[in-house]
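Student: Got a structure here, written out as structure tokens. Questions coming.
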């Protein structure tokens, strides 16, 4: 894995905060489709060396497509360490609390001081082995950086076979947990597909309608979105905006790309990203948003003051960001959801075991308890989580009494299942975390007028990516 220039990467991570033991057994590689049909590849033997246990042959690489995965031989595992010695790392208490609730595995935990400090602490532990976790939690933005390294074990090395979870998992969730060869190394109990979360009282004021079936046409595509934004601006005399800030919608464009940022060692700017730059310029130039940053105090305040028509987010947004749980947001019950113009996701936590894990049986049990056990996932879903299990979520969708009080009694699951099934994250790559930040910086500079053309903004973006040291210099 190439090393990104440290200073530049740290600066980009700072900007983002403002915007937002391997076994020696021989393993057989197969390619597994998302429908769980298995087919042997032409060359199926993975090298025996422990540091190569998660690499597949060239033939297997070629067989791995956008809807297929490479499966190794599931190993028989035991706990080699002392009982209770399994160490779990996380940046917050969410994951370890779920282990304590849903699993009987005894473990030790280390919670970092927050999401910002966590990557550096984890990187140093994985590099040195000093106090390194057996199991750790990570977010989607850093998934490929960890999974494409030898620091993380394939699920098969923990004895977990794909037929335990593949049929009922949403493809984008599993895809996020794979390395570059399609080997699944991490799983999540969550799926966080997005929708438009709108305020019915505001919709009644600026659109003249409020029910989901009436509001949905106003968000059917991005051109209509702009028309709606202008209508909201005009009707309210600028007092109300369609969304709080442009960054509320940018990932919907990002997750609509047909190609990733890097293709054949060259930087690729997908046409949809150019569309987003122009889209953002319109929103900014016509002052169609309040210019807030997602997750900021101003962004949160606009969820309570009837100044914003809609937020683009997932059930995690509803559950954790909108202030309903603690009663701070008095607008609970006023909200509804409709389909977004494109598919995206927001949130989610994945879990994996590291190469230092000597408690593989216990690590596997934790992963199964959190991410595969249907009873546990059903319990999570009934508490408002959109879980990574199609059967469970279909049950919620068809439940005549399942509803969200904060959404005025609406059941959001049917719509969100469609969004989850439509998501394709095959374009996500190892260094996206840094490149995305560079792109957002270029877009912001263009919207702010610090650069006066799309060409200059793209040139600044390309220069920033070159500074990262991700691309290999031409010989």
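Residue numbers (this note's numbering): 1 to 475.
Glycine included, every Cβ here is placed at the ideal spot set by N, Cα and C.
Roughly how many angstroms separate the alpha carbons of residue 24 and residue 157, rounded to a whole number?
Tutor: Note that residue 24 has pLDDT 33, beneath the 50 cutoff, so the model's placement of it is unreliable and the number below is only indicative. If you take the alpha carbons of residue 24 and residue 157, they lie about 10 Å apart.
Student: For residue 191, which residues from the same chain have a beta carbon less than 6 Å from its beta carbon, with the 5 sequence-adjacent residues on both sides left out?
Tutor: Sequence-distant Cβ neighbours of residue 191 in its own chain, meaning closer than 6 Å and more than five residues away, are 170, 173, 386, 388, 420.
Student: Assuming residue 153 and residue 185 are in contact, meaning their beta carbons sit under 8 Å apart, how far apart are those beta carbons, in whole angstroms?
Tutor: 7 Å
Student: In chain order, what residues of the same chain lie with their CB nearer than 7 Å to the CB of residue 381, ignoring the 5 residues before and after it?
Tutor: Cβ-Cβ distances below 7 Å link residue 381 to 387, 392, 393, 396 in the same chain, with the five nearest sequence neighbours on each side left out; the list follows chain order.
Student: For residue 81 versus residue 359, is the C-beta spacing smaller than 8 Å?
Tutor: yes
Student: Pick out whichever of 101, 198, 119, 331 has its Cα sitting closest to the Cα of residue 91.
Tutor: Closest option to residue 91, Cα to Cα, is 119.
Student: Quick one: residues in its chain with C-beta nearer than 8 Å to the C-beta of residue 423, no 5 flanking neighbours on either side, listed in chain order?
Tutor: Within the same chain, residue 423 has close Cβ partners 170, 171, 172, 193, 255, 343, 344, 345.
Student: Closer than 7 Å to a non-hydrogen atom of the ligand ADP - does that hold for the CB of residue 198?
Tutor: This structure simply doesn't include the ligand ADP, nor any ligand for that matter.
Student: Which residue marks the beginning of the beta strand (DSSP E) containing residue 335, and which one marks its end?
Tutor: Element bounds for residue 335: 335 to 338.
Student: Kindly provide the ranges of any alpha helix (DSSP H) runs that are 4 or more residues long and lie completely inside the segment 394 to 474, ordered along the chain.
Tutor: 413 to 422, 432 to 448, 454 to 468
Student: Exposed or buried, what is residue 144 when buried is set at 16 or more other beta-carbons lying within 10 Å of its beta-carbon?
Tutor: buried
Student: I'd like the span of the alpha helix (DSSP H) that includes residue 252, first residue to last.
Tutor: 250 to 254
Student: Short of 7 Å in beta carbon distance, which residues of its chain neighbour residue 363, apart from the five on each side in sequence? Order them along the chain.
Tutor: 86, 134, 135, 158, 353, 357
Student: Between the alpha carbons of residue 112 and residue 312, how many angstroms are there, rounded?
Tutor: 29 Å
Student: Determine which residues share a DSSP beta bridge with residue 190 and list them.
Tutor: 387
Student: Pop quiz: residue 458 and residue 142 are said to be a contact at Cβ under 8 Å. What is the actual Cβ separation, rounded to whole angstroms?
Tutor: Rounded, the Cβ-Cβ distance is 26 Å, inconsistent with contact.
Student: Since residue 70 is in the beta strand (DSSP E), which residue starts that stretch and which ends it?
Tutor: Going by DSSP, residue 70 is part of the beta strand (DSSP E) stretching over 68 to 71.
Student: Can you grab the Cα-Cα spacing for the pair residue 469 / residue 463, in whole Å?
Tutor: 10 Å
Student: Name the two residues that bound the continuous alpha helix (DSSP H) containing residue 523.
Tutor: Beyond the ends of the chain as shown, which are 1 and 475, falls residue 523; an answer cannot be given.
Student: Compute the Euclidean distance between the alpha carbons of residue 130 and residue 443, then round it to the nearest angstrom.
Tutor: 40 Å
Student: From residue 139 to residue 347, what does the alpha carbon distance come to, in whole angstroms?
Tutor: 8 Å
Student: Since I believe residue 238 is in contact with residue 478 (beta carbons under 8 Å), could you give me their beta-carbon distance rounded to a whole number of angstroms?
Tutor: Any question about residue 478 goes unanswered here, given that the chain covers just 1 to 475.
Student: Buried or exposed, going by whether 16 or more other CB atoms sit within 10 Å of the CB of residue 401?
Tutor: exposed
Student: Tell me the residue span of the alpha helix (DSSP H) that contains residue 138.
Tutor: Not the alpha helix (DSSP H): residue 138 falls in the beta strand (DSSP E), residues 135 to 138.
Student: Helix, strand or coil, according to DSSP, for residue 79 in the structure here?
Tutor: Residue state, collapsed to three classes: strand.
Student: Out of 101, 365, 307, 294, which has the shortest C-alpha to C-alpha gap to residue 205?
Tutor: Taking only the C-alpha atoms, the option nearest residue 205 is 307.
Student: If residue 282 and residue 226 are in contact, beta carbons under 8 Å, what's the gap, nearest whole angstrom?
Tutor: 6 Å
Student: So, under 8 Å CB-CB, residue 195 and residue 407 are touching, yes? Tell me the CB distance rounded to an integer number of Å.
Tutor: With 8 Å as the limit, residue 195 and residue 407 do not qualify as a contact, their Cβ atoms being about 10 Å apart.
Student: Straight-line CA distance for residue 332 to residue 274?
Tutor: Counting only the Cα atoms, residue 274 lies some 37 Å from residue 332.
Student: Considering only residues of the segment 254 to 302, which uninterrupted alpha helix (DSSP H) runs meet the minimum length of 4 residues and lie entirely inside it, listed in chain order?
Tutor: 271 to 285, 297 to 301
Student: Can you tell me the Cβ-Cβ gap for residue 89 and residue 200, rounded? I've got them flagged as a contact below 8 Å.
Tutor: Between residue 200 and residue 89 the Cβ distance is about 42 Å, and since that is not below 8 Å, they are no contact.
Student: Does DSSP put residue 352 in a helix, in a strand, or in coil?
Tutor: strand
Student: Using only alpha-carbon positions, find the residue among 325, 222, 426 that is nearest to residue 253.
Tutor: 222
Student: Who are the Cβ neighbours of residue 304 in its own chain at under 8 Å, not counting the five residues just before and after it?
Tutor: 323, 328, 329, 330, 331
Student: In its own chain, which residues sit with a C-beta less than 7 Å from the C-beta of residue 299, not counting the 5 before and 5 after it?
Tutor: Once the five neighbours on either side are set aside, the close Cβ partners of residue 299 are 244, 245, 292, 293.
Student: What whole-angstrom Cβ distance do residue 349 and residue 137 have, given they're in contact under 8 Å?
Tutor: 5 Å
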